[in-house]
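Numbering of the sequence shown is given in full-length UniProt numbering, commencing with residue 1 and proceeding in unit increments. No residue lacks a Cβ here, since even glycine has one placed at the ideal position from N, Cα and C. All values derive from a computational prediction rather than experimental measurement.
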Amino acid sequence: VGIDPNPNAISILKNTINNNNWINRVEALNMAIIEYSKQEKIEKFDVILLNNVLHEIRDDKNCRKDFLEQIYNLLNDDGILIVGERMIPDIFSIKRDVNTIFYSYKSNIEMRANFWGTINKWDEVIFGASFYDENSFKDFILSTPFKHAELIKDKNDNIWAIKK
Numbered sequence: 001v002g003i004d005p006n007p008n009a010i011s012i013l014k015n016t017i018n019n020n021n022w023i024n025r026v027e028a029l030n031m032a033i034i035e036y037s038k039q040e041k042i043e044k045f046d047v048i049l050l051n052n053v054l055h056e057i058r059d060d061k062n063c064r065k066d067f068l069e070q071i072y073n074l075l076n077d078d079g080i081l082i083v084g085e086r087m088i089p090d091i092f093s094i095k096r097d098v099n100t101i102f103y104s105y106k107s108n109i110e111m112r113a114n115f116w117g118t119i120n121k122w123d124e125v126i127f128g129a130s131f132y133d134e135n136s137f138k139d140f141i142l143s144t145p146f147k148h149a150e151l152i153k154d155k156n157d158n159i160w161a162i163k164k
C-alpha cells in the first residue's frame with residue numbers, strides 16, 4: 001500500500017504500478033495517514049517505509065509526534081519503521097572552529113557533498129521544511145511510543161530502523 005496526500009505523488013506511483021504490472025500487488029491511496037487509520041478495516045503492516053517524509057511535515061513537534069503515533073498503531077507488534085531522512089551534518093556544529101571547517105571542507109570531497117546537501121536543505125527550510133541532526137532525531141523518536149532506533153549509515157545516506 002502506498003499512501004500519500006499529494007495527488008502528484010500518487011499519480012507517479014500509479015504509473016509505476018501500471019508500467020511494472022503490479023496492479024494486483026500494490027494499492028495507491030491518495031490520503032493522509034490519519035484518514036487511512038480511521039477507516040473501518042485497516043491493514044497492519046510488518047514494515048512501513050518513510051522516505052524523505054518527516055522533514056516535510058509541519059515543524060511542530062506535536063504534529064510530527066502524532067504522525068509517528070499513527071504509524072506506530074499501523075505496525076504489527078514486531079513491525080519495523082524504516083525512515084530515510086538526510087541528517088544535517090556536523091559541519092555546522094558550534095563545537096567546530098572555523099579553521100577546522102575550512103580545511104576539512106577544502107580537502108574532503110564527502111564534506112563538500114554534505115555542505116551542498118545542507119545548502120539545498122536550507123532552500124527547503126524557506127518553504128517550511130525542518131531537518132534533524134543525528135542526536136535530535138534519535139531524541140525525537142524516543143519521545144514517541146517507539147523504543148528502539150538504530151541508525152544505518154552508508155556514505156551520505158541515513159536509514160533508521162525503528163522498532164516498537
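Any idea which residues DSSP pairs residue i with across the strands?
i	result
residue 167	Past the boundaries of the shown model lies residue 167; the chain is included only from 1 to 164, so the question cannot be answered.
glycine 84	Asn51, Ile159
asparagine 24	The partner list for asparagine 24 (beta bridge, DSSP) is empty, contrary to what the question assumes.
Would you give the residue range spanned by the alpha helix (DSSP H) that residue i belongs to?
i	result
phenylalanine 67	61-74
residue 169	Absent from the model: residue 169. The displayed extent of the chain is 1 to 164, so no value can be given.
leucine 13	7-19
isoleucine 34	33-37
At which residues does the beta strand (DSSP E) containing residue i begin and terminate?
i	result
isoleucine 48	45-51
isoleucine 3	2-4
On a Cα-Cα basis, can you pick out the residue from the options that is closest to residue i?
i	options	result
tyrosine 72	Asn21, Trp22, Ser143	Ser143
isoleucine 42	Val83, Gln70, Asn19, Val53	Gln70
aspartate 133	Ile159, Ile3, Glu40	Ile159
aspartate 66	Ser136, Arg86, Ser37	Ser37
methionine 31	Ile82, Gly84, Lys153, Val1	Val1
isoleucine 82	Val53, Asn62, Cys63, Ile12	Val53
For a quick check, are the C-beta atoms of residue i and residue j less than 8 Å apart?
i	j	result
isoleucine 162	isoleucine 80	yes
aspartate 46	asparagine 21	no
isoleucine 17	isoleucine 23	yes
lysine 164	alanine 149	no
leucine 68	lysine 44	no
isoleucine 57	isoleucine 33	no
histidine 55	phenylalanine 146	no
alanine 28	leucine 13	yes
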